[in-house]
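What follows is a set of notes on a single structure, which appears directly below.
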Amino acid sequence: MNKVYQVGDATVTRVTEMTLSGVPPEIYFAGSWDPAFLEKNRDTLPAGLIDGDSQLVVSIGTWVVKTPDHTILIDTATGNDKNLPYNPELSNLKLPYLDRLLEAGVTPEDVDYVLLTHLHVDHVGWNTRLAGGNWVPTFPNATYVFPLSEQQYYSSPASHNKENEPNFNVYEESVLPVVEAGLVKTIPPEGGEFLDMFKFIPTPGHSIGQMSISLTSGGEEALFGADVMHHPFQVYHPEWNSMYCEFTEQARVSRRRVLEYVADRPIIYFSTHFPGSSAGYVTRDGNGFKWEFI
Ligand SMILES: [Zn+2]
């Protein structure tokens, strides 16, 4: 059974599309990784962060939020059957994501809103599915909500000109079809409240207009941090960027700001890519921070 978290009147459930183990940290944190960190902290770090001696475990998934009135998905993972010429590992997948969504009590027709933190390959894929050779909205009754600046960038040549761009073709297959179906609402660059309980908070850097999403209900708060961090090691080393962070200095600023915010409050942090439950608490530890799964 999927673990269900309560945040005021809302419930939050993880649906994991895939777990990747054996990820080399010197590549994932290229230019930042320091093996001495692991040697020094191996005995005190939470379990499940690494595979074997030092390889990272990461995941890709969706958060399902049920409020008294609505069923909401936050980010839609990678999707099946995608054509990603510069991202072969995520291409042409055949994963039982929709079955897992059903296990979490959600049919595609049930979804009222799809909230997207940013428009990278591993966050928008299940927006669409292939039907009769065409990309159609997977969640036909949903409104898809995402930052306007992400749409402007990823629909423009500026985002497609980089060599081996891992997000090449993503906008065309996974975002444009929901735009053309008239199912989209965009969030302005300053962010803002949505459906009373949610707030889009600009946390740019990983991508040009990424936003984290806070959920507040019944005096309780949670934060869906998107790709502010990819792995709990970054709680301990906020200056480490992942290889997927596009605007590196800004990514560091946003990461530290989010850590400062959640560390001083009883806020559940829901990550996109952490292993295990993908959820937990950040607390202060000396001059830095530490991570605890829940
Ligand atoms: Zn991601």
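Under this note's numbering, the first residue of the sequence shown carries the number 36, and numbering increases by one thereafter.
Cβ coordinates follow ideal geometry from the N, Cα and C atoms, glycine included.
Quick one: grab the DSSP three-state call for residue i.
| i | result |
| --- | --- |
| Val-210 | helix |
| Arg-300 | coil |
| Gln-186 | helix |
| Ala-193 | helix |
| Tyr-132 | helix |
| Phe-259 | strand |
| Thr-251 | strand |
| Val-39 | strand |
| Asn-169 | strand |
| Trp-326 | strand |
| Glu-274 | coil |
| Ala-177 | coil |
| Ala-45 | strand |
| Ala-314 | strand |
| Thr-221 | strand |
| Glu-228 | strand |
| Phe-305 | strand |
| Pro-237 | strand |
| Thr-142 | coil |
| Asp-157 | helix |
| Leu-150 | strand |
Classify residue i: buried if its beta carbon has 16 or more other beta carbons within 10 angstroms, exposed otherwise.
| i | result |
| --- | --- |
| Ala-112 | buried |
| Thr-283 | exposed |
| Lys-220 | exposed |
| Met-232 | buried |
| Pro-120 | exposed |
| Gln-269 | buried |
| Arg-77 | exposed |
| Ile-248 | buried |
| Gly-160 | buried |
| Ile-107 | buried |
| Ile-329 | exposed |
| Thr-79 | exposed |
| Ala-71 | exposed |
| Pro-301 | exposed |
| Asp-44 | exposed |
| Ser-56 | exposed |
| Pro-182 | buried |
| Asn-199 | exposed |
Assuming residue i contacts residue j under a Cβ cut-off of 8 Å, what Cβ separation, rounded to an integer in Å, is found between them?
| i | j | result |
| --- | --- | --- |
| Thr-152 | Phe-259 | 7 Å |
| Glu-281 | Ser-242 | 6 Å |
| Ala-257 | Gln-245 | About 18 Å; that fails the 8 Å criterion. |
| Val-146 | Asn-176 | 7 Å |
| Ser-94 | Pro-310 | 6 Å |
| Thr-178 | Leu-218 | 6 Å |
| Val-100 | Asn-162 | With a Cβ gap of about 17 Å, Val-100 and Asn-162 do not count as contacting. |
| Val-357 | Thr-238 | What is shown of the chain runs 36 to 329, which leaves residue 357 out entirely. |
Have a look at the options and flag the residue whose alpha-carbon is nearest the alpha-carbon of residue i.
| i | options | result |
| --- | --- | --- |
| Pro-192 | Asn-204, Phe-181, Leu-183 and Arg-287 | Asn-204 |
| Gly-66 | Ser-249, His-272, Phe-328 and Phe-309 | His-272 |
| Pro-223 | Phe-64, Glu-52, Val-100 and Gln-186 | Gln-186 |
| Ser-252 | Phe-268, Pro-103, Arg-290 and Arg-49 | Pro-103 |
| Glu-124 | Leu-230, Ala-216, Thr-54 and Val-288 | Thr-54 |
| Ser-126 | Asn-118, Leu-133 and Tyr-132 | Asn-118 |
| Val-42 | Gly-167, Ser-194, Ala-286 and Ala-314 | Ala-314 |
| Gly-321 | Ala-298, Thr-307, His-195 and Asp-110 | Ala-298 |
| Glu-215 | Glu-228, Val-171, Gly-227 and Ala-166 | Val-171 |
| Ala-139 | Tyr-40, Pro-237, Pro-70 and Val-180 | Tyr-40 |
| Glu-52 | Ile-85, Arg-292, Asp-110 and Arg-290 | Asp-110 |
| Val-213 | Glu-225, Pro-201, Lys-75 and Leu-165 | Leu-165 |
| Ile-62 | Tyr-279, Asp-44 and Glu-295 | Tyr-279 |
| Ala-82 | Pro-239, Ser-312, Arg-49 and Val-149 | Ser-312 |
| Ser-306 | Arg-290, Phe-229 and Glu-144 | Arg-290 |
| Phe-324 | Gln-285, Ala-286 and Glu-274 | Glu-274 |
| Met-264 | Gly-240, Lys-234 and Leu-250 | Gly-240 |
| Thr-142 | Asp-134, His-155 and Val-149 | Asp-134 |
| Pro-60 | Thr-48, Leu-128, Leu-91 and Lys-75 | Leu-91 |
| Pro-201 | Asp-157, Leu-230 and Gly-227 | Asp-157 |
| His-155 | Leu-128, Leu-130, Asn-122 and Gln-285 | Asn-122 |
| Thr-48 | His-105, Leu-136, Leu-73 and Phe-64 | Leu-136 |
| Tyr-353 | Leu-250, Ala-286 and Ser-277 | As shown, the chain starts at 36 and ends at 329. That puts residue 353 outside it, with no answer to give. |
| Val-50 | Gly-87, Glu-74 and Leu-130 | Leu-130 |
Check your understanding: Considering only residues of the stretch 49-118, which uninterrupted beta strand (DSSP E) runs meet the minimum length of 3 residues and lie entirely inside it, listed in chain order?
Key -> 90-101 and 106-109
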